[in-house]
Amino acid sequence: MTEDLSPAERYAAARKRAVEQATALASFREMYDFGLDPFQIEACQALEAGKGVLVAAPTGSGKTIVGEFAVHLALRQGKKCFYTTPIKALSNQKYADLARRYGQDKVGLLTGDNSVNADAPIVVMTTEVLRNMLYAGSQALRGLGYVVMDEVHYLSDRFRGAVWEEVIIHLPESVTLVSLSATVSNAEEFGDWLDTVRGDTEVIVSEHRPVPLFQHVLAGRRMYDLFEESQESGKRAVNPDLTRMARLEDSRPSYGRDRRKGKRIREADRERERRSRSRIWTPGRPEVIDRLDSEGLLPAITFIFSRAACEAAVQQCLYAGLRLNDEEGRQKVREIVEERTASIPDEDLHVLGYFEWLEALERGIAAHHAGMLPTFKEVVEELFVRGLVKAVFATETLALGINMPARSVVLEKLVKWNGEQHADITPGEYTQLTGRAGRRGIDIEGHAVVLWQRGMNPDHLAGLAGTRTYPLRSSFKPSYNMAVNLVHQFGRHRSRELLETSFAQFQADRSVVGISRQVQRNEEGLEGYQASMTCHLGDFEEYARLRRDLKDRETELAKQGAVQRRVAAAAALEKLKPGDVIHVPTGKFAGLALVLDPGLAAGRSNGHRGFENHDGPRPLVLTAERQVKRLASMDFPVPVEALDRMRIPKSFNPRSPQSRRDLASALRTKAGHVRPEKHRKGRSAAADDREIARLRAALRAHPCHGCDEREDHARWAERYHRLKRDTRQLERRIEGRTNTIARTFDRIVALLTELDYLRGDEVTDDGRRLGRLYGELDLLASECLRADVWEGLNPAELAACVSALVYEARAADDALAPKLPAEPAKVALGEMVRIWGRLDALEEDFRISQAEGVGQREPDLGFAWAAYMWASDKGLDEVLREAEMPAGDFVRWCKQVIDVLGQIAAAAPKDGSTVGKNARKAVDALLRGVVAYSSVG
Numbered sequence: 001m002t003e004d005l006s007p008a009e010r011y012a013a014a015r016k017r018a019v020e021q022a023t024a025l026a027s028f029r030e031m032y033d034f035g036l037d038p039f040q041i042e043a044c045q046a047l048e049a050g051k052g053v054l055v056a057a058p059t060g061s062g063k064t065i066v067g068e069f070a071v072h073l074a075l076r077q078g079k080k081c082f083y084t085t086p087i088k089a090l091s092n093q094k095y096a097d098l099a100r101r102y103g104q105d106k107v108g109l110l111t112g113d114n115s116v117n118a119d120a121p122i123v124v125m126t127t128e129v130l131r132n133m134l135y136a137g138s139q140a141l142r143g144l145g146y147v148v149m150d151e152v153h154y155l156s157d158r159f160r161g162a163v164w165e166e167v168i169i170h171l172p173e174s175v176t177l178v179s180l181s182a183t184v185s186n187a188e189e190f191g192d193w194l195d196t197v198r199g200d201t202e203v204i205v206s207e208h209r210p211v212p213l214f215q216h217v218l219a220g221r222r223m224y225d226l227f228e229e230s231q232e233s234g235k236r237a238v239n240p241d242l243t244r245m246a247r248l249e250d251s252r253p254s255y256g257r258d259r260r261k262g263k264r265i266r267e268a269d270r271e272r273e274r275r276s277r278s279r280i281w282t283p284g285r286p287e288v289i290d291r292l293d294s295e296g297l298l299p300a301i302t303f304i305f306s307r308a309a310c311e312a313a314v315q316q317c318l319y320a321g322l323r324l325n326d327e328e329g330r331q332k333v334r335e336i337v338e339e340r341t342a343s344i345p346d347e348d349l350h351v352l353g354y355f356e357w358l359e360a361l362e363r364g365i366a367a368h369h370a371g372m373l374p375t376f377k378e379v380v381e382e383l384f385v386r387g388l389v390k391a392v393f394a395t396e397t398l399a400l401g402i403n404m405p406a407r408s409v410v411l412e413k414l415v416k417w418n419g420e421q422h423a424d425i426t427p428g429e430y431t432q433l434t435g436r437a438g439r440r441g442i443d444i445e446g447h448a449v450v451l452w453q454r455g456m457n458p459d460h461l462a463g464l465a466g467t468r469t470y471p472l473r474s475s476f477k478p479s480y481n482m483a484v485n486l487v488h489q490f491g492r493h494r495s496r497e498l499l500e501t502s503f504a505q506f507q508a509d510r511s512v513v514g515i516s517r518q519v520q521r522n523e524e525g526l527e528g529y530q531a532s533m534t535c536h537l538g539d540f541e542e543y544a545r546l547r548r549d550l551k552d553r554e555t556e557l558a559k560q561g562a563v564q565r566r567v568a569a570a571a572a573l574e575k576l577k578p579g580d581v582i583h584v585p586t587g588k589f590a591g592l593a594l595v596l597d598p599g600l601a602a603g604r605s606n607g608h609r610g611f612e613n614h615d616g617p618r619p620l621v622l623t624a625e626r627q628v629k630r631l632a633s634m635d636f637p638v639p640v641e642a643l644d645r646m647r648i649p650k651s652f653n654p655r656s657p658q659s660r661r662d663l664a665s666a667l668r669t670k671a672g673h674v675r676p677e678k679h680r681k682g683r684s685a686a687a688d689d690r691e692i693a694r695l696r697a698a699l700r701a702h703p704c705h706g707c708d709e710r711e712d713h714a715r716w717a718e719r720y721h722r723l724k725r726d727t728r729q730l731e732r733r734i735e736g737r738t739n740t741i742a743r744t745f746d747r748i749v750a751l752l753t754e755l756d757y758l759r760g761d762e763v764t765d766d767g768r769r770l771g772r773l774y775g776e777l778d779l780l781a782s783e784c785l786r787a788d789v790w791e792g793l794n795p796a797e798l799a800a801c802v803s804a805l806v807y808e809a810r811a812a813d814d815a816l817a818p819k820l821p822a823e824p825a826k827v828a829l830g831e832m833v834r835i836w837g838r839l840d841a842l843e844e845d846f847r848i849s850q851a852e853g854v855g856q857r858e859p860d861l862g863f864a865w866a867a868y869m870w871a872s873d874k875g876l877d878e879v880l881r882e883a884e885m886p887a888g889d890f891v892r893w894c895k896q897v898i899d900v901l902g903q904i905a906a907a908a909p910k911d912g913s914t915v916g917k918n919a920r921k922a923v924d925a926l927l928r929g930v931v932a933y934s935s936v937g
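The sequence shown: position 486 = 486 (the working numbering), numbered continuously.
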């Protein structure tokens, strides 16, 4: 091609190549044995040009390449780069990747409980660590040139999302921010906000999956494609076979006991049911794995939204005799597992179910969930990436960033427990889960398989699979710790302005724009209506207000009258007794009736079961037409009185037609000739109401009353009133959304001022202590230090008390009070709960609501006994048995307790206090055995 160019064009092309070769991107590309995708090149070029970038791309598309280019730029420019991740497991993984590429001397790791080479030019850390460094004004921030925020869509997380916004807002202006996100539907909106708070930011969105994904439904012995492409239009449509199956299942009768006949269905019907079911059923877990293996679709991750079900699935595959590894694979698995678990004592291995776990791994099968020991999870991840584990049963936590791509992903159900109820998974969650399918550079296609379930709607599934709606929603809320740190650094006024720049307020303000436009349109309409209702005789708006006040007063009196009539009718019903003959005034059963049971309350009356009523008496009556019915208050709009009385035979049976016929005949004979008195309407309350009389007189005296076009003006006035009311509601919505974050901040500052943590723009000594305590119960921890609640406790007792600040039971269980250590720890825990009660009342006074994600939840004492035992050097078997929780949960909670103990050690008073010293001892006591086994992070 160069032969066709002119000398000038060849010279220009050569110049361009020379410029490109001199760029950092050119040297970076040489480090990889594959070419970069267009979106990666675009993002890297923007970074090299000095811009910040937001990269939104599907899972597995290689967006971390952009983060690694930021690392490359930092090293080339002699600057630092911090690479932040949302979870420690990701930090560990990224640390290992970067250390392999750049050498361990250039890469460090900082997580809540580990510090490796923290002064290195490249440091991988959790986002919380960077937030804490920013508030502390750490010297490590000097020379910082780049910050990579991996999985930045975590800022939607309602528990931890605020941390991402705090970091983005507070990073020095000189730092270039690299934000890596899953595909979100409002990337441009997020990019606009980044542009506002961080300066020039390029938004690069890629919807392209490097490995195409195919969607299937597995039902019975067949695997159906979810979509079929029309040959005529070329458009995708739901597979008609799936639609037919769903229709067939909906129309199929549910056989069982026939309640009307009380008989079992005939054998022939059961056989027909079995035959129709033979094509459609939900395959068992071993059957699914076997089918995927025969189709060449392993390795696969099966997402099951339950830890226990993940473990059960592994056992089912073992019992079914599944073996996915050959002898050589089994040997490799055993070598790797024994090497990784060499430091765990044999007695602990027995407790952890090591040998059953190893047997499953040797067969190529494993579970992966948060309840597993971190070391075990890491081994599963390594074996899966190496292809030595081919079937993993996992909870959805595996979808959050861990690098475990598979050829196939299986979803057992499209419903999961969200902490409050069973809810359908969202399109965003479906995209995250199925994004694991298809390994770049290994597979030419990925497969998402959903198991058929009774009641499945193929159109709903197609909607999940075909929608890329995953909006980023801010979960930012000010906290006590944030407030004191901001006031300390910037003062109250500047802090308030900073919070107004949050993504939460940015989104709230944007939502206000549409409402504001509607208000403007409404105001234009109001001007037109006002012109149309103008009367030449006087102020028609005033006249319309009088008419409206009159109508409102009449409506109010009518409602009062209706209430009084209902009360009178209910009082009359309460006087009825069995044997009273009454006349039912209205309703389906109007006419003569005999009261069998007055229906006053639960119990028995004259042999009839009473009725548990909540809407007044509901009498049971026999009508003259031989019907026994329970009447409601609506059948008695007016009071009813007994016309006569009859004796109800003791032998009367309301279920017997003959009994009903005989008693109804006696009723007609006894009282058929009696005519009830007509209910006379009382004088209307409006007739004697002075306010109504005044308003009517004012109306007649008003000049506009004599206008020939009065009713026409009135119609325009009514429209004006309705539109004015709607406009006021919109304006209230605007007021509720603007400055919401700042108003919450003001309430928090007011409470902290009340407690003497703040004095205007000054942060007190107690306030500075609070600024070093991070966590959901930061204020409670600070108050406990201030009140010397933990003074005199030994390290194990202190660990028990601190556990209440971090632990939250997975499910509320109020059946039994948790087991607690003996005094003085028990007394200290009780005092912590009392202090929380005082803070809770104070928060209510200052209108700080936990429902809005702000405030202090009640401390949970459920882990206190386990933390105490472990810190007291008890064995793992005994502790796990007493704690009744999986090893992984136990380790995770211990590490969180260690993290907060470290904060308390730093924040505790230095003079005359034992808390700081004992907190450090408690950390050492907890950080042993399984808690210390997990690798770097």
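Heads up, the beta-carbon is just placed ideally off N, CA and C, and yes, glycines get one too. From a predicted model like this one, the values you see are computed outputs, not experimental measurements.
Assign residue i to one of three DSSP states: helix, strand, or coil.
i: Phe305; result: coil
i: Lys629; result: strand
i: Ser91; result: helix
i: Gly296; result: coil
i: Gly538; result: strand
i: Gly108; result: strand
i: Thr669; result: helix
i: Arg259; result: Because Arg259 carries a pLDDT of 41, less than 50, the predicted location of this residue cannot be relied on, and the following value inherits that uncertainty. Coil, per DSSP.
i: Glu202; result: strand
i: Met223; result: strand
i: Ala698; result: helix
Could you check whether the Cβ of residue i sits closer than 8 Å to any Cβ belonging to chain C?
i: Val66; result: In summary, chain C is missing from the structure at hand, where a single protein chain is found.
Counting only the same chain and skipping the five closest in sequence on each side, list residues whose C-beta sits under 6 Å from that of residue i.
i: Ala8; result: none
i: Glu783; result: Ile835
i: Thr176; result: Gly52, Tyr146
i: Leu134; result: His170
Ordered along the chain, which non-local residues of its own chain (more than five positions away) have a Cβ less than 7 Å from that of residue i?
i: Ala908; result: Leu785, Val915, Gly916, Ala919
i: Asn132; result: Tyr774
i: Gly616; result: Ala570, Leu573, Ser633
i: Tyr807; result: Asp860, Gly862, Phe863, Trp893
Between the Cα of residue i and those of the options, spot the shortest distance and give me the residue it belongs to.
i: Ala1010; options: Ala342, Ala308, Arg407, Gly321; result: With the chain covering only 1 through 937, there is no way to say anything about residue 1010.
i: Val205; options: Gln40, Leu109, Glu359, Trp281; result: Gln40
i: Arg101; options: Met31, Val116, His153; result: Met31
i: Thr744; options: Ala568, Thr111, Pro458, Phe476; result: Phe476
i: Asp549; options: Met404, Gln489, Ala698, Leu242; result: Ala698
i: Lys940; options: Asp845, Ala804, Leu842, Leu194; result: Given a span of 1 to 937 for the chain in the structure shown, any question on residue 940 remains unanswerable.
i: Ala887; options: Leu349, Val71, Ile515; result: Leu349
i: Phe227; options: Gln215, Val487, Ala219, Gly220; result: Gln215
i: Asn239; options: Val879, Glu229, Arg247; result: Glu229
i: His153; options: Phe589, Phe190, Pro172; result: Phe190
i: Ala370; options: Arg323, Thr431, Ser306; result: Ser306
Tell me whether the beta-carbon of residue i lies closer than 8 Å to the beta-carbon of residue j.
i: Leu622; j: Leu643; result: no
i: Val124; j: Tyr83; result: yes
i: Gly579; j: Arg690; result: no
i: Pro821; j: Trp865; result: yes
i: Leu695; j: Leu592; result: no
i: Thr64; j: Asp157; result: no
Could you pull out every residue in the same chain whose Cβ sits closer than 8 Å to the Cβ of residue i, ignoring the five residues on either side in sequence?
i: Ala187; result: Leu54, Ala56, Ser181, Val203, Val205, Leu472
i: Gly441; result: Phe34
Whether or not the stretch 760-770 and the stretch 870-888 are in contact is what I'm after, with contact meaning three or more pairs of Cβ atoms, one per stretch, closer than 8 Å; do they touch?
no
Within 8 Å, do at least three Cβ pairs link the stretch 408-418 to the stretch 284-301?
yes
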